[in-house]
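Data first, discussion second: the structure below is written as structure tokens.
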Amino acid sequence: MKFRWRVPALLLLSCPALLAGVDVHCYDEAVYLYLDKLHAAGLVRTYMPDQRPLARSVIARLAAEARRSLGGNRGPFDSMIAELEREFGNPEGGVRFVPLDSASLAWTATDQEEAPMPENGLGGTSGRVQPLLSYQNGDRFDGHSNLHLRSVHTLRASSHFAAYLEPKVFARSGSDSGVGLARAYAKTGFGNVDLLVGRDDVRWGPGENGIFFSGNARALDMVKVSSPAPFRFPGFLRHAGHFRGTAFVSWLGDDYGRSGATLSGYRLDYRPFRWVNIGFDHAVFLGGEGAKAPDFGTAVGSFIGFLSPTVNDRANSNHLMGMDATFRVPKAMGMELYGKMLLEDTQAEQKYMIRSDAAWLWGVHFPKFNGAEKLSLRAELVYSGQFPYRHGFYTDGFALDGKFLGYDAGSDTWSGAVTSRYQFNLREFVQLRVRRLERMGDRYRMVYNSEGNNIDIEKVLNRPDEGRTLLRLGGQKTLSGPLHLYAEAGLDTKRNAGFIEAGSENDFAFQLRVVYEP
13 MKFRWRVPAL
23 LLLSCPALLA
33 GVDVHCYDEA
43 VYLYLDKLHA
53 AGLVRTYMPD
63 QRPLARSVIA
73 RLAAEARRSL
83 GGNRGPFDSM
93 IAELEREFGN
103 PEGGVRFVPL
113 DSASLAWTAT
123 DQEEAPMPEN
133 GLGGTSGRVQ
143 PLLSYQNGDR
153 FDGHSNLHLR
163 SVHTLRASSH
173 FAAYLEPKVF
183 ARSGSDSGVG
193 LARAYAKTGF
203 GNVDLLVGRD
213 DVRWGPGENG
223 IFFSGNARAL
233 DMVKVSSPAP
243 FRFPGFLRHA
253 GHFRGTAFVS
263 WLGDDYGRSG
273 ATLSGYRLDY
283 RPFRWVNIGF
293 DHAVFLGGEG
303 AKAPDFGTAV
313 GSFIGFLSPT
323 VNDRANSNHL
333 MGMDATFRVP
343 KAMGMELYGK
353 MLLEDTQAEQ
363 KYMIRSDAAW
373 LWGVHFPKFN
383 GAEKLSLRAE
393 LVYSGQFPYR
403 HGFYTDGFAL
413 DGKFLGYDAG
423 SDTWSGAVTS
433 RYQFNLREFV
443 QLRVRRLERM
453 GDRYRMVYNS
463 EGNNIDIEKV
473 LNRPDEGRTL
483 LRLGGQKTLS
493 GPLHLYAEAG
503 LDTKRNAGFI
513 EAGSENDFAF
523 QLRVVYEP
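Quick note on my numbering: the sequence shown kicks off at 13 and runs consecutively.
Below, the structure written as structure tokens:
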């Protein structure tokens, strides 16, 4: 019995340097880009960013690690570390109550409407496409006048309790207005184990946004258990490398078509060497209105992702499973090469599964350039087959409140994007993004063999492919002290718009956001 209790205790204490205590999360993309740069320069070795967001205390510890690695050297990395130290303070932390951490008021004008996904005969989805305004945490935009007001309030009462509140008020063109919660949660924990209850982001895997959980839809209402920082197993397993893990159960409520459905999942990251990271993640929809609820054994097996015939009561479910790898090349300016496969389902015919059931992401990222350390460049290619993000029973698919939880364009697409960003400091930057998006609107039917197994699909209706070329230019400038102004302009030129031959359209979007950070 003593041994049984000793193992989890050793796991909790296996990384004493990580015991900085529970803290709220950071959602600032500039902070993660700084950490990418420090990692590419070899100044932080315990940075595993594929389960985000990270806690403020973890970022403070990474800044302290970078300072130790840098020593007495000066240069661009010294100023980056100094900014992180000012922003996140001592990694040991303490009591911190910030009645108003930040506030922002955003105005958005666009003539790009949310486009529904075409019916392809292989399953439904409620996800809609609006690529000029993707990955904005579920915010909706309609017409030439959209206002979003947010404020952030944080508390760290002790090393074992923290809370975060981010209410929002919105008003869209016409009479659509309301009040909501962007994020709101409480956290507790001990050592390198955190427990979160409330509404928060889930972002998994490599890439600028990722293709599994991405920040395109609103945050999830959930209970989550995670290791906020990497850990090693005790004993001889210490030499196996670093690990991180997270698991959650989310209640989707009325924002999902089958009201009352749950979405649960987990992700494991493994880094055997500093230059490689391997990830595995899985999520499953269960229950909901009109669904057969699983018994306990089936629910556990469904969550893990591996059901045996003896433990399966044939309850309704929808599984998604992903695998990814990231390779870093320190001598090539810290270049990152990464790839991810996301399976909507598994099939006996592997070629069919890889082509039609999978979504793929390939990318290369230069977090810094020698002599221009504040410049970064990223190029990505995404392919999604005909099935991903759709489902026959859970007909909202992998979407919540009309927004895809993963890749913003849904199924049956190709997309290539290049993003360049110059980060003057944590608050000021300029960014250019160019993207080519090809969407297919064809209709299919399933093909079965003599044993009744689905072995392929065939096209029964051919529509013209819709091609989009998108250009987005944006940046942020400090106005005075705590006030910052963000502006972005975007243009989307469409060929065969709406899958109609020779149909052409041009859409625009323009955003202004004033940010107050005392």
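The beta-carbon is built from N, C-alpha and C at its ideal position, and this holds for glycine as well. None of these values were measured; they are calculated from a predicted model.
Check, Outcome
"Contact between the region 494–502 and the region 456–467 (3+ Cβ pairs under 8 Å)", "no"
"Contacts around residue 208, its chain only, beta-carbon distance under 6 Å, and the 5 residues preceding and following it disregarded", "197, 199, 236"
"For residue 450, three-class secondary structure by DSSP", "strand"
"Residues sharing a beta bridge with residue 373, DSSP", "352, 394"
"Through-space distance from residue 109 to residue 168, alpha-carbon basis", "6 Å"
"Whole-Å CB distance - residue 138 paired with residue 409, under 8 Å assumed", "7 Å"
"For residue 365, three-class secondary structure by DSSP", "helix"
"Own chain, CB closer than 6 Å to residue 292, minus 5 neighbours either side, in chain order", "280, 335"
"Residue(s) in a DSSP beta bridge with residue 189", "183"
"Integer-rounded CB distance, given that residue 389 should sit under 8 Å from residue 432", "5 Å"
"Of the listed residues 441, 466, 267, 528, nearest to residue 1 (C-alpha basis)", "Here the chain comprises residues numbered 13 to 530, so residue 1 is not present and cannot be evaluated."
"Three-state secondary structure (DSSP) of residue 36", "coil"
"Rounded separation between residue 446 and residue 481 - CA only", "8 Å"
"Spatially closest choice to residue 407 from 273, 454, 513, by CA coordinates", "273"
"Span of the beta strand (DSSP E) around residue 296", "288–298"
"Strand pairing of residue 430, partner residues [DSSP]", "391, 446"
"Three-state secondary structure (DSSP) of residue 310", "helix"
"Backbone secondary structure at residue 417 - three-state DSSP", "coil"
"Three-pair Cβ contact test at 8 Å for the region 373–387 versus the region 113–129", "no"
"Backbone CA spacing between residue 239 and residue 65 [nearest angstrom]", "12 Å"
"Spatial distance of residue 77 from residue 84 (CA atoms)", "14 Å"
"Beta-carbon gap between residue 453 and residue 475 smaller than 7 Å", "yes"
"C-alpha gap between residue 241 and residue 299, whole angstroms", "32 Å"
"Beta strand (DSSP E) runs wholly inside the region 101–177, at least 3 long, in chain order", "108–122, 158–170"
"Cβ-based burial, residue 145 [other Cβ within 10 Å; buried from 16]", "buried"
"Alpha-carbon to alpha-carbon, residue 283 and residue 33", "23 Å"
"Option nearest residue 435 by Cα separation, candidates 328, 136, 314, 88", "88"
"Endpoints, the beta strand (DSSP E) within which residue 211 is located", "205–212"
"Alpha-carbon to alpha-carbon, residue 444 and residue 269", "36 Å"
"Environment of residue 379 [buried if 16+ CB atoms lie within 10 Å]", "buried"
"Classification of residue 249 by the beta-carbon crowding that lies within 10 angstroms, buried from 16 upward", "exposed"
"C-beta atoms of residue 354 and residue 224 nearer than 7 Å", "yes"
"Whole-angstrom distance between residue 46 and residue 92, CA atom to CA atom", "7 Å"
"Residue 484 versus residue 523 - alpha carbon distance", "11 Å"
"Given residue 314 as reference, the closest of 345, 204, 296 once Cα atoms are compared", "296"
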